[in-house]
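Numbering (our numbering), first residue to last: 26 to 238. Backbone N, C-alpha and C define an ideal beta-carbon position, used for all residues, glycine too. Single-structure report; data block below.
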């Protein structure tokens, strides 16, 4: 289990290094480079747990942090980090799980295709890595696995530099079956649905330009 975790940490580092080339803080319009922060809830799939373990259908918190770069008017990319926590429900043995992920995603702007006043629509999808850390009695059952994530965002423009948005995303996990089953006590290797509300703040635009007095 530890060897697998270390291997995926190396994959995580490669993702960070390979994707960082998209993010140069250059001059441009306010839609080119954006930082995103969002908070919401998550819902893990029931088949991601071993028998007798079950999580709440709705859990808080779900936290997303992202950096987005549009290298074409409608096409871009982003690197985003997500933190989620969920815990037991009903007659399930007591447990809590920290689910963190890092994903490199392509972003496509549908705003011109679906024109709504002051509303921007974006879809995003890409691969990543999920890292699972059970707490309490099962803290030794750490694991990590690859994932694929896809979602849709609806942005409301507050100003040229700020929008608030609703994001709904689904994270498909590629975790293997637990072997032995005890490795899965308090752990999780399934899929995750997240719903978040956040803010998107421009890091590019004319306020980076040289002033001509």
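* Of the residues 97, 120, 169, which one's Cα is nearest the Cα of residue 58? -> As a first step, residue 58 must be located in the chain shown, where it is residue number 33. The candidate whose alpha carbon is nearest that of residue 58 is 97.
* Asked: When the distance is taken between beta carbons, is residue 156 closer than 8 Å to residue 128?
  -> Position 103 of the chain shown, counted from the first residue, corresponds to residue 128. Position 131 of the chain shown, counted from the first residue, corresponds to residue 156. Annotated as distal: residue 128 and residue 156, with beta-carbon spacing of 8 Å or more.
* For chain B, find out if any of its Cβ atoms is closer than 8 Å to the Cβ of residue 106; answer yes or no. => Of the chains in the structure shown, none is chain B; there is only one protein chain.
* Asked: If we ignore side chains and look at the alpha-carbon of each, how far apart do residue 137 and residue 145 end up?
  -> Position 112 of the chain shown, counting from 1, holds the residue named residue 137. Position 120 of the chain shown, counting from 1, holds the residue named residue 145. Cα to Cα, residue 137 sits roughly 9 Å from residue 145.
* To do: Figure out for me which residue from 143, 77, 66 has the closest Cα to the Cα of residue 1.
  => No answer is possible for residue 1: the residues shown for the chain start at 26 and end at 238.
* Taking residue 125 as the reference, give the member of 195, 108, 179, 143 with the closest Cα. => Translated into positions along the chain shown, residue 125 becomes position 100. Per the C-alpha coordinates, the member of 195, 108, 179, 143 positioned closest to residue 125 is 108.
* Is the CB-CB distance between residue 210 and residue 122 below 8 Å? -> By 1-based counting over the chain shown, the position of residue 210 is 185. By 1-based counting over the chain shown, the position of residue 122 is 97. No, these two residues do not count as a Cβ contact at 8 Å.
* Span separating the alpha-carbon of residue 158 from that of residue 208 -> In the chain shown, the residue the question calls residue 158 occupies position 133. In the chain shown, the residue the question calls residue 208 occupies position 183. Straight through space, the alpha carbons of residue 208 and residue 158 are spaced by roughly 12 Å.
* Within 10 angstroms of its Cβ, does residue 46 collect 16 or more other Cβ (buried), or is it exposed? -> Looking up residue 46 in the chain shown gives position 21. Confidence in residue 46 is poor, its pLDDT being 48 and thus under 50, which makes the residue's placement unreliable; the coordinate value appears in the next sentence. Exposed, since its Cβ has fewer than 16 Cβ neighbours within 10 Å.
* To do: Kindly indicate the opening and closing residues of the beta strand (DSSP E) around residue 86.
  => One-based indexing of the chain shown puts residue 86 at position 61. Per DSSP, residue 86 belongs to the beta strand (DSSP E) from 84-94.
* Asked: Since residue 14 contacts residue 222 with CB under 8 Å, what's their CB separation in whole angstroms?
  -> For residue 14 there is no data in the structure shown, the boundaries of the chain being 26 and 238.
* Would you say residue 117 and residue 79 are within 8 Å of each other, going by their C-beta atoms? -> Start at 1 with the first residue of the chain shown, and residue 117 comes out as number 92. Start at 1 with the first residue of the chain shown, and residue 79 comes out as number 54. Contact flag set, yes.
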